Structure formats: C-alpha cells, structure tokens
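In UniProt numbering, the protein residues as written are 1 to 687. Note that the Cβ used here is the ideal one computed from N, Cα and C, for glycine as well. Predicted model, so just to flag it, every value in this text is computed and none were measured. These notes concern the structure reproduced below.
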C-alpha cells in the first residue's frame with residue numbers, strides 16, 4: 001500500500017466511528033505537533049480510558065513518553081524504542097506518530113481487548129529483598145494465584161463464546177427435529193393403519209422384538225468373547241515372556257561366567273524392551289486421543305440444514321451476477337480509453353513534479369547524512385579526548401542507575417556464593433564420611449563372604465530378591481486374571497504343557513538371533529551418535545541463519561517505514577507547493593481564488609478584519625455588561641420586592657371582596673326573602 005493510501009486510511013478511520021473527527025487529508029497533514037499528539041492520545045483513551053485520560057499541556061515530556069511508550073510496548077508495537085524514537089514521540093514528529101496511528105487504527109478492536117487483558121495479566125516485578133518478608137511474599141503469591149485464576153476464567157469464557165451456538169441455529173435445529181418428528185409420527189400412524197386389519201400381526205411384532213433383543217445379546221456376547229480372547233492372548237504372551245526370563249536367569253546362574261554384571265545386563269535389556277513397548281503404547285494412545293479430539297470437534301460443529309444450503313446457493317448466484325456486472329463494466333470502460341488522454345497528461349505532469357520533489361528530498365537526505373557524519377566524527381574526537389563516549393543527561397542517569405543495580409546485584413550474588421561455598425564444604429565432608437563408612441562396611445562384608453566361601457553372595461542375593469519380587473508381581477497379576485477366567489486358564493496350562501517341547505528349539509534359535517543382533521546394535525549406536533552430532537551442527541547453523549534472516553527483516557521493516565514516512569512528507573510538500581502556485585497565479589491576476597476574493601491572502605485578511613470587528617463589538621458589549629451589572633442587579637431586586645408587595649395587596653383585596661359578598665348574601669336572605677316587602681337595590685357601579 002502506498003504512503004498516500006496509508007495516510008488516507010488514517011484519516012478515514014478517524015472520521016468513522018467511534019472518533020468522528022471530521023478531518024480532511026490536508027487539515028490532518030497541517031496539524032501542529034501538539035494537535036497531532038492530542039489525536040494520538042484520543043485513540044489511546046478509546047483503548048484504555050483509565051490510564052490515558054490526561055491533559056497533555058499539564059504533563060511533562062518524560063511522563064508522557066513513559067506512559068505512551070509503556071502502553072505501546074505492552075500491546076506489542078514493534079519499533080526500536082531508542083533515543084530517536086523517544087525524541088520523535090515527545091516532540092510529536094510525524095515520522096513517529098503516523099506509523100503508530102496507522103497500526104493502532106488497523107488493529108483497534110484487537111488492541112482494545114489486549115489493553116484490557118494487560119491490566120490483569122502483565123506481572124509487575126518485586127525486588128527479591130521485599131519478598132523475604134513473609135507477609136509481602138504471601139500477598140505476592142496470592143496476587144499470582146488470582147492472576148492465574150483470571151487467565152483460566154478468561155480462556156474458558158473465550159472457549160464458551162467460540163463454541164456456543166446462536167439462538168437462530170438452535171431454533172432451526174428444533175424446527176428441523178420437529179419436522180422429522182412429524183414425519184415419523186405420520187409414518188408410524190400410516191403403518192399402524194396399514195397393519196391394523198392384518199391377522200397375527202401382534203404375534204409377529206413380538207417375535208420380531210424378541211429376535212432383535214436376541215441379536216443384540218449375541219452381539220454383546222461376541223464382543224465379550226473377543227475381549228476375553230484378547231485378554232487370553234495378553235496373558236499368554238506375558239506368561240511366555242516370564243518363562244523366558246526365568247529360564248534365562250536360571251541359565252545365567254548355572255553358566256560358568258555367571259556374575260552380577262551378566263544378570264545386570266539381562267535386566268537392562270528387559271528394561272529397554274519394556275521402555276520401547278511403553279513408548280509405542282504411549283504413541284498409540286496419543287494418536288487415538290488426537291483422533292477422539294478431532295471427532296469431538298466435528299461433533300460440535302453445527303449441522304448443515306436445507307436452509308443453509310439454499311442460502312449458500314443464493315450467495316453463489318449473487319456472486320455470479322456481480323462477476324457478470326463487472327465484466328460488462330469492464331467492456332464499457334474499454335470503449336472510453338480514448339477519452340483518458342487529458343487525464344494521462346495531467347498524471348505525467350504530476351509525475352514530473354514528483355520527480356523534482358524526490359530530487360530535492362535526496363539532496364536534503366545527503367545533507368542530513370553529511371551532518372550525521374560530522375556529528376559522528378565529533379563524537380569520536382570527544383571519545384578520543386575523554387576516553388569514553390559522550391553521554392547526555394538521560395544516558396548518564398541511566399548509567400548511574402545501572403551501576404547501582406549491578407552493585408546491589410553483585411552484593412547479593414557474593415553473599416549467595418559464600419553461602420553456597422559453606423554448604424558445599426559441609427556436603428563434601430558428609431560425602432567423604434559416608435564413602436568411608438560405605439567402604440568399611442563393604443570390605444567387612446567381603447571379608448565375611450570370603451571367609452564363608454560365598455564371595456559375591458550379597459549382590460546375587462539382592463538381584464534374586466528383585467527377580468523374586470518381579471515374579472511375585474507377575475504371579476499376582478496372573479492370579480487376578482485366573483480368577484476372572486479360571487476355566488480358560490486350565491486350557492492354557494494344558495496347551496502350554498503340549499507346546500513346551502515344540503518351543504524349545506525355537507528358544508535356542510532366538511538366542512542365536514540375539515547373539516547375531518549384538519554387533520548390529522553396536523553399529524546402530526555408533527551411527528546414531530554420528531547422526532546426532534551432525535544434526536546438532538546443522539541445527540546450530542540453521543539457528544544462525546534464522547537469526548541473520550530476522551535481523552535483515554528488521555532492517556527491511558525500518559527502511560520500509562522510512563520510505564513511507566518520506567513519501568507522506570513528499571505528498572504534503574506537493575500539496576503545499578500546489579497551494580503556493582495557485583496563490584502566485586492569483587497574485588498575478590491570472591485567476592481568482594473564489595468568487596469574492598482574488599487570493600488566499602485577501603481572504604485571510606478579510607476574515608481577520610471581520611474577526612477584529614466582531615472582537616471589538618464583543619469587548620464593547622462586555623464593557624456595557626460590566627458597567628450596568630450592579631444597576632441591573634439592584635433593579636431586579638426592586639422589581640422582585642414590588643412583585644411581592646403587589647401580590648400581598650391582591651390577596652388582601654380578594655379576602656375583603658369575599659367577606660363583602662358573604663355579608664350581602666346574608667342580608668338578602670334575612671330581609672328580602674318574604675313577599676310584599678320593598679327592596680332597596682344597591683348598585684356597585686362607580687362613576
């Protein structure tokens with residue numbers, strides 16, 4: 001993807017949800033470093049609002065770099081984190097901020113989840129001297145346990161979310177099962193109606209059911225017979241192996257060269273055979289377990305219904321329609337290629353301008369390299385004069401901290417070394433005493449055995465006891481099998497008695513084959529050692545090559561990043577040059593900036609004058625408000641008191657009018673209610 005496309009992608013993602021910044025490509029490129037850092041901080045606030053909701057103007061550069069750099073390191077942003085990166089991030093350099101914004105916006109949801117998990121999964125380091133305190137160590141262990149619990153719980157939640165079935169799929173499966181149930185019920189009812197009038201159907205149904213049960217019972221019996229035969233074969237093989245081992249041990253004891261070394265060699269051979277058998281069985285078990293896991297995964301997959309098939313077919317048809325539409329559009333575009341000549345000429349002009357800008361860029365890069373070489377030469381001269389590399393303030397602080405840490409680490413390791421040496425002296429003395437006692441006891445036992453004429457009896461007795469113990473375990477296992485299948489064991493014993501004479505020559509042949517196998521095994525071990533040494537050499541070489549490839553890939557990524565940043569700067573310079581060229585044409589009266597203004601400078605001048613007038617009017621209004629504030633406030637209080645006074649008078653007048661009306665009604669009711677009495681009417685009209 002080109003750098004312009006990357007910059008456009010950053011702007012599009014900032015204009016979309018959840019940011020809605022309403023930016024254009026030019027306005028985003030013209031942002032100052034502080035504004036650019038505010039945009040970056042806004043993205044970080046969306047990822048982790050608790051940590052990054054701060055005001056950049058009140059934050060120191062070191063604190064800002066520590067906060068943002070630590071967060072980028074935790075979420076997995078790949079860069080060098082060197083001094084140049086630190087300065088670029090603190091100053092808001094576009095070469096540093098643009099790649100960070102692009103990476104954050106491309107992986108927004110994934111990084112938000114990673115930032116949430118980092119709150120609980122990133123382990124903070126506690127110095128060893130603090131962990132020597134029991135309470136502190138207990139708290140730290142409890143913290144690690146809670147962290148492990150959180151990881152397990154989150155992993156289980158992810159598995160549940162991944163393997164859970166949506167309600168829509170469950171509804172479709174339930175509907176499918178209901179439809180199948182209705183079909184089965186319909187078939188059963190139709191079958192019952194068909195067979196209701198047939199004579200003897202119930203007896204036939206009972207016989208069929210009994211036949212099915214008997215067939216199932218026969219299948220179970222056959223399975224049990226097969227299992228018992230397998231157990232019989234296993235017991236027979238075990239018995240044969242035990243007999244062979246016992247015969248070999250007896251023959252080794254009766255032979256002239258019988259010794260503890262020969263018996264130990266036989267036992268080692270048995271152990272190696274048993275180990276090979278165990279390895280083979282473990283490998284078979286792992287393969288079967290993998291197969292079972294694959295089958296479980298296949299069973300967990302949702303079943304494909306007819307509606308799913310129809311939906312996929314409709315999607316395929318829609319894709320075919322889109323392909324046909326694209327082919328028609330391509331055919332129409334082929335006919336309009338002749339009208340693209342003007343646009344191609346414009347593209348060529350833009351390409352030439354781009355080449356000129358690239359030449360200027362190369363010249364600037366050469367100047368930068370020259371200055372960098374001069375700086376390197378000055379640093380070398382300083383190093384030759386002072387005897388060490390030039391250190392700035394931050395590097396000197398870091399150097400002092402490293403010296404302190406290494407001094408503390410040296411003291412701790414020196415104390416541990418002294419403790420280990422003391423413990424080593426104690427262990428060496430204990431080992432010497434034990435070896436001396438063991439030699440005394442062994443010499444005494446050898447003297448006793450030599451005096452009794454049974455030299456080597458102790459070792460032989462121990463080996464015989466081990467063999468007897470192994471034989472007892474075998475007999476115990478064999479007894480458990482014999483209890484389960486006693487009748488079968490009787491037949492086995494009879495067959496063994498008949499086959500002893502037959503197996504004797506085969507055993508002799510087996511011994512001969514073992515003797516022939518001995519040099520082959522020796523040759524195999526030698527070639528195996530040669531193979532392992534060759535493999536180690538090749539692995540070492542492959543590791544070195546992989547390290548070189550990784551280093552080269554890192555260099556390629558750095559150069560690629562520099563190329564993209566340079567191309568973005570070139571795009572910005574082109575936009576500025578285009579605006580400057582248009583301003584020059586407007587200044588020369590070759591064209592107008594818009595319908596109202598000749599040039600951009602006139603537009604800015606007019607807007608500045610308008611803003612100054614508005615500012616003057618606002619200052620006048622503010623002065624008037626400040627001058628009349630106290631008077632208006634006093635007038636407001638006076639009107640409020642007047643309103644309260646008028647409301648009180650109104651309430652008093654209403655009460656007086658009500659009392660007068662009540663008196664008039666009482667008067668009329670008492671004196672003017674009877675006939676023949678003259679009435680005097682009082683009018684309320686006022687003149």
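Item, Value
"Limits of the unbroken alpha helix (DSSP H) element including residue 86", "83–91"
"Pair within 7 Å by beta-carbon distance, residue 65 and residue 89", "yes"
"Three-state class that DSSP yields for residue 512 in the structure shown", "helix"
"Residue 10 classed as buried or exposed, judged by whether at least 16 other C-beta atoms fall within 10 angstroms", "buried"
"Reference residue 506; option with closest CA among 558, 244, 603", "244"
"Three-pair Cβ contact test at 8 Å for the segment 100–120 versus the segment 410–424", "no"
"C-beta contact flag for residue 63 and residue 571 at 7 Å", "no"
"Residue from 80, 34, 47, 73 with nearest C-alpha to residue 58", "34"
"Euclidean distance between Cα positions of residue 23 and residue 15", "6 Å"
"Proximity below 7 Å, CB of residue 357 to CB of residue 573", "yes"
"Validate contact between the segment 42–58 and the segment 108–117 using beta carbons, cut 8 Å, 3 pairs", "yes"
"Residue burial classification, residue 168 (beta-carbon count within 10 angstroms, cutoff 16)", "exposed"
"Residue 121: first and last residue of the uninterrupted alpha helix (DSSP H) it sits in", "108–121"
"Residue ranges of each alpha helix (DSSP H) within the segment 136–198, 4 or longer", "167–195"
"Alpha-carbon spacing of residue 81 relative to residue 156, whole angstroms", "35 Å"
"First through last residue of the alpha helix (DSSP H) which encompasses residue 67", "61–75"
"Secondary structure of residue 127, DSSP reduced to three states", "coil"
"Inter-residue Cα distance where the pair is residue 235 and residue 226", "14 Å"
"Reference residue 76; option with closest CA among 110, 93, 43", "110"
"Residue interval of the alpha helix (DSSP H) (run including residue 35)", "33–47"
"Neighbour-count burial assignment, residue 517, 16 or more Cβ in a 10 Å radius", "exposed"
"Straight-line Cα distance separating residue 605 from residue 591", "18 Å"
"CB of residue 581 within 7 Å of CB of residue 599, strictly", "no"
"C-beta contact flag for residue 122 and residue 74 at 7 Å", "yes"
"Check whether residue 52 and residue 44 have beta carbons under 7 Å apart", "yes"
"Buried or exposed by the 16-neighbour rule on C-beta atoms within 10 Å, applied to residue 256", "For residue 256, the predicted model reports a pLDDT of 48, less than 50, meaning its position is unreliable and no value from the coordinates is stated."
"Cβ-based burial, residue 6 [other Cβ within 10 Å; buried from 16]", "buried"
"Beta-carbon proximity check, residue 26 vs residue 578, cutoff 7 Å", "no"
"Buried versus exposed call for residue 563 [16 or more other C-beta atoms within 10 Å across all chains shown]", "exposed"
"Which of helix, strand or coil DSSP assigns to residue 592", "coil"
"Cβ-based burial, residue 72 [other Cβ within 10 Å; buried from 16]", "buried"
"Continuous alpha helix (DSSP H) stretch holding residue 54: start and end", "Residue 54 -> no alpha helix (DSSP H), and no H or E assigned at all."
"Exposure of residue 519, with buried meaning 16 or more beta-carbon neighbours within 10 Å", "exposed"
"First through last residue of the alpha helix (DSSP H) which encompasses residue 133", "That residue, residue 133, is in no alpha helix (DSSP H); it is neither H nor E in DSSP."
"Status (buried if at least 16 other CB within 10 Å, exposed otherwise) for residue 178", "exposed"
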